[in-house]
Structure formats: C-alpha cells, structure tokens
Amino acid sequence: MALLEVKNLKVYFPIMGGVIRHKVGEVKAVDDVSFTIEAGETVGLVGESGSGKTTIGRAILRLLEPTDGQIVFDGQDITRMGDGELRPLRKQMQMVFQDPFGSLNPRMTIASIVGEALTIHFPQMDRATRRDRIAELLRRVGLKSEHMNRYPHEFSGGQRQRIGIARALAVEPKFIVCDEPVSALDVSVQAAIINLLQDLQEQFKLTYLFIAHDLAVVEHISDRVLVMTQGRIVEAASADEIYTRPQHPYTQKLIAAVPKAF
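Going by the numbering used here, the residue at position 197 of the sequence shown is 198; the numbering climbs one at a time, nothing skipped.
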C-alpha cells in the first residue's frame, strides 16, 4: 500500500478586485493532480517557479487547505481533518524548507530550534533526555553537539540546512517534503546535502517528496520523477525514463536546459 496517495488535488487561490475587494477570478495553483508515493521511495517533483510544486507540498502537509481532492497518508484520509485529529500525524510528516537563512529563527539557539518539536510532541521528555536527543541529531547530520548553544547566524548556508534537516528528523517522521532544499546553496555544497539526505533515508527508512526546479539535482536522488507546469503534472516516469526518453515537450525543454556536466 502506498504511504501517500494524492487524488485529483486542487488548490485554487482567489483573485480579489474592485472597490469592495470581491472575488473576480482565481489562480489554479494546483489543478487536478494525482500521484502516489510508496514507503521508502523518493519521488522528485520538478517544474519552473510558479508551476505549483511548493503548493502541493504544503497542501499534503495541510499547511494549506485543499480546494478539492483527497490526500491519504498511511491509509488515513487527512484532507478535511481538524487540528486535533491531525496532531498525532504531524510528527510523521515533516518539511525541509528551501531557505536555510529564513527558515531558522535568528533569536533561538540551535538547541531550541531542533528541540521545539520535541517539546510539543513529547512533553513527557525531560530536559536532559531532550538535550541528548538534540546532540545525537546534530551528529547525525554532520554537526557537533557543542553547536547546540550557538545561533543560526554563526553557521554557513550548508550548515543551516543541516540544522533544518535535524529539526525535521527530531520527531521521527516517516515522510519528509524536501522543498528545494539545495537551491539556495552553492553547487559545491549541494551534493553533500543530497548525499546526507540519501544516507538518512537509508538509516531511518524515510520517504521523500523532493521538490526542485533543477532536473540535474533531482536525477541524483529520485526513484521516480513528476514533471509539473501550470498546476498540472504533464509527465510521470522513472528517473531513468525521464532523462533518457522524455515524452512531453515541456520535459524535453527542461532536459535541454540541464548542464551536461553536473
């Protein structure tokens, strides 16, 4: 059984106009999208900026309300669940954000950032156990335990993204939406973060939706690739098929834009 099933998902945003700010139209950010992700799989979701990729990721995690359609996670329909019903599931579904600079609160120490979810989801955990867990998470992502008392501005972009990954791992999720996790990083750092995500997937049996605008990045981590434009998925195939036998003209255009040496 698939860990995640997305069925005919639609996310529309109203366009407001006029003196009294009434609805004059709508933006179809996600328009009738369906796909599944098997447990342990990495599915790449690729498209240019504005194609609807991030909106899908946020809707799956119920950070945005779907307009229509169905989202089934681990056999449970979460599409219309209230906050109370969702809470036990939220720790199973996490997100790594695109911007390693903007996604970490600059006023919080690394211990507070990584430990915040532990405080929420494991309130019975005592302070010493929580600090041990934070130290272990930092080591897992290639940082030192003594880093926990520092602040985000003391770290590089790549290190900050490692902190973001540690935060996502803190509550032992099954599924992580990786929303362009390397696009804000130098090329020299991107491969290290992708390798880290792959290592963590193997260690913790994780399932990823890996969102990117760069097909070259997705090629190195994905089992299957979904190609998206204008709110719709126009092609879905194994990573090998997408790169060697692209069918849709838009996919062919994206392939043509990939640098030959990555």
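All C-beta atoms in this analysis are idealised placements derived from N, C-alpha and C, irrespective of residue type, glycine included.
Handout entry: Contiguous alpha helix (DSSP H) assignments of at least 4 residues, all confined to the region 214–251
Key = Look at the region 214–251 and you find these whole runs of alpha helix (DSSP H), each 4 residues long or longer: 216–220 and 240–245.
Exercise for the section: Determine, using beta carbons only, whether E181 and I222 come nearer to each other than 7 angstroms. Expected result: In the sequence shown, residue 181 corresponds to position 180, counting from 1. In the sequence shown, residue 222 corresponds to position 221, counting from 1. No, the Cβ-Cβ distance between E181 and I222 is not below 7 angstroms.
Practice task
Pick out whichever of R128, S239 and A192 has its Cα sitting closest to the Cα of G159.
Solution key: Residue 159 sits at position 158 when you count from the first residue of the sequence shown. Here the closest residue by C-alpha is A192.
Problem - Nearest-angstrom Cα separation, counted from E220 out to F263 - result: For the purposes of this step, residue 263 is identified with residue 262 of the sequence shown, where counting begins at 1. For the purposes of this step, residue 220 is identified with residue 219 of the sequence shown, where counting begins at 1. Here the model assigns F263 a pLDDT of 44, short of 50, so the residue's position is not dependable, and the following value carries that caveat. Using only the alpha carbons, I get a separation of about 10 angstroms.
Problem - Option in V31, K29 and F36 with minimal Cα separation from V7 - result: Along the sequence shown, one-based indexing puts residue 7 at 6. Considering only alpha carbons, the answer is F36.
Problem - Beta-carbon proximity list for I16, same chain, < 8 angstroms, skipping 5 on both sides - result: By 1-based counting over the sequence shown, the position of residue 16 is 15. Excluding five sequence positions before and after I16, the CB atoms of its chain that fall closer than 8 angstroms to its own CB belong to K24, V25, G26, E27 and V28, given in chain order.
Problem - Environment of Q253 [buried if 16+ CB atoms lie within 10 Å] - result: Position 252 of the sequence shown, counting from 1, holds the residue named residue 253. Exposed, because fewer than 16 other Cβ atoms sit within 10 Å of the Cβ of Q253.
Exercise for the section: Identify the continuous beta strand (DSSP E) that holds V12 and give its terminal residues. Expected result: The residue labelled residue 12 in the question sits at position 11 within the sequence shown. Where V12 is concerned, the enclosing beta strand (DSSP E) stretches over L5 to G18.
Handout entry: 6 angstroms Cβ shell around S102 - same chain, five flanking residues per side excluded
Key = The residue you call residue 102 lines up with position 101 of the sequence shown. Looking at the sequence provided, one finds Phe at residue 102 rather than Ser. For F102, where only same-chain residues beyond five positions count, there are no Cβ hits under 6 angstroms.
Exercise for the section: Measure the beta-carbon distance from F74 to L5 and round it to whole angstroms, keeping in mind my assumption that it falls under 8 angstroms. Expected result: If you number the sequence shown from 1, residue 74 lands on position 73. If you number the sequence shown from 1, residue 5 lands on position 4. The Cβ separation is near 6 angstroms, so the contact holds.
Handout entry: Alpha-carbon to alpha-carbon, P124 and T56
Key = In the sequence shown, residue 56 corresponds to position 55, counting from 1. In the sequence shown, residue 124 corresponds to position 123, counting from 1. Answer to the nearest angstrom: the Cα atoms are 31 angstroms apart.
Problem - Of the listed residues N106, G232 and S50, nearest to H154 (C-alpha basis) - result: As a working note, residue 154 is residue 153 in the sequence shown. When each option's Cα is compared against that of H154, the closest is N106.
Practice task
Reducing DSSP to helix, strand and coil, say where E27 ends up.
Solution key: Taking the sequence shown and counting its residues from 1, one reaches residue 27 at position 26. DSSP places E27 in strand when its eight states are reduced to three.
Exercise for the section: Kindly give me the distance between the Cβ atoms of T68 and Y13, rounded to whole angstroms, as I take these residues to be in contact under 8 angstroms. Expected result: Along the sequence shown, one-based indexing puts residue 68 at 67. Along the sequence shown, one-based indexing puts residue 13 at 12. Rounded, the Cβ-Cβ distance is 5 angstroms, consistent with contact.
Exercise for the section: Report the rounded CA-to-CA distance for R128 versus S52, giving the unit in angstroms. Expected result: Within the sequence shown, the letter at position 127 stands for residue 128. Within the sequence shown, the letter at position 51 stands for residue 52. Computed Cα separation, rounded: 43 angstroms.
Problem - Under 7 angstroms between C-beta atoms of L216 and L255 - result: Indexing the sequence shown from 1 puts residue 216 at position 215. Indexing the sequence shown from 1 puts residue 255 at position 254. Remark: C-beta atoms of L216 and L255 approach each other more closely than 7 angstroms.
Problem - Per-residue DSSP class, three states only, for V178 - result: Within the sequence shown, numbered from 1, the residue matching residue 178 stands at position 177. V178 falls in the strand class under three-state DSSP.
Practice task
Output the residue ranges of the beta strand (DSSP E) runs that lie fully inside the region 27–83 and measure 3 residues or longer, sorted by chain position.
Solution key: Here the runs fully enclosed are 43–47 and 69–74.
Practice task
Taking R88 as the reference, give the member of G70, S104, Q71 and L64 with the closest Cα.
Solution key: Sequence index remark: in the sequence shown, residue 88 carries index 87 (1-based). Looking at G70, S104, Q71 and L64, the one whose alpha-carbon comes closest to that of R88 is L64.
Exercise for the section: State yes or no: is the C-beta of L207 within less than 7 angstroms of the C-beta of A167? Expected result: Here residue 207 refers to the residue found at position 206 when the sequence shown is read from its first residue. Here residue 167 refers to the residue found at position 166 when the sequence shown is read from its first residue. No, Cβ-Cβ distance for L207 and A167 is not below 7 angstroms.
Handout entry: Rounded separation between I121 and R225 - CA only
Key = Looking up residue 121 in the sequence shown gives position 120. Looking up residue 225 in the sequence shown gives position 224. CA-CA distance, I121 to R225, rounds to 34 angstroms.
Exercise for the section: Under 7 angstroms Cβ to Cβ from V34, same chain only, skipping five residues before and after it: list those, please. Expected result: Stepping through the sequence shown from its first residue, residue 34 is reached at position 33. If we look at V34 and ignore the five residues flanking it on each side, its Cβ neighbours are V7, L10, I57, R233 and I234.
Handout entry: Alpha carbon of V228 to alpha carbon of A118, nearest angstrom
Key = Counting from one through the sequence shown, the residue named residue 228 turns up at place 227. Counting from one through the sequence shown, the residue named residue 118 turns up at place 117. Approximately 32 angstroms, taken between the alpha carbons.
Practice task
Would you grab the beta carbon distance between A169 and M149 for me? Rounded to a whole angstrom, and I think it's under 8 angstroms.
Solution key: What you label residue 169 is simply residue 168 of the sequence shown in a count that begins at 1. What you label residue 149 is simply residue 148 of the sequence shown in a count that begins at 1. In fact, because the Cβ distance is near 16 angstroms, the residues do not count as touching under 8 angstroms.
Practice task
Taking 7 angstroms as the cut-off, decide whether the C-beta atoms of Q248 and S184 are in contact.
Solution key: For the purposes of this step, residue 248 is taken as residue 247 along the sequence shown, with counting starting at 1. For the purposes of this step, residue 184 is taken as residue 183 along the sequence shown, with counting starting at 1. The answer is no: Cβ separation not under 7 angstroms.
Problem - Expected contact under 8 angstroms - CB spacing of L62 and M94 to nearest Å - result: If you number the sequence shown from 1, residue 62 lands on position 61. If you number the sequence shown from 1, residue 94 lands on position 93. The distance from the Cβ of L62 to that of M94 is about 5 angstroms, consistent with a contact at the 8 angstroms cut-off.
Exercise for the section: Reducing DSSP to helix, strand and coil, say where G102 ends up. Expected result: As a first step, residue 102 is located in the sequence shown; it is residue number 101 there, counting from the start. One point to set straight first is that residue 102 is Phe, not Gly, in the sequence displayed. Secondary structure of F102 (DSSP, three-state): coil.
Handout entry: Spatially closest choice to V97 from Q162, Q202 and A3, by CA coordinates
Key = Your numbering for residue 97 matches position 96 in the sequence shown. Minimum Cα-Cα distance from V97 among the listed residues Q162, Q202 and A3 corresponds to Q162.
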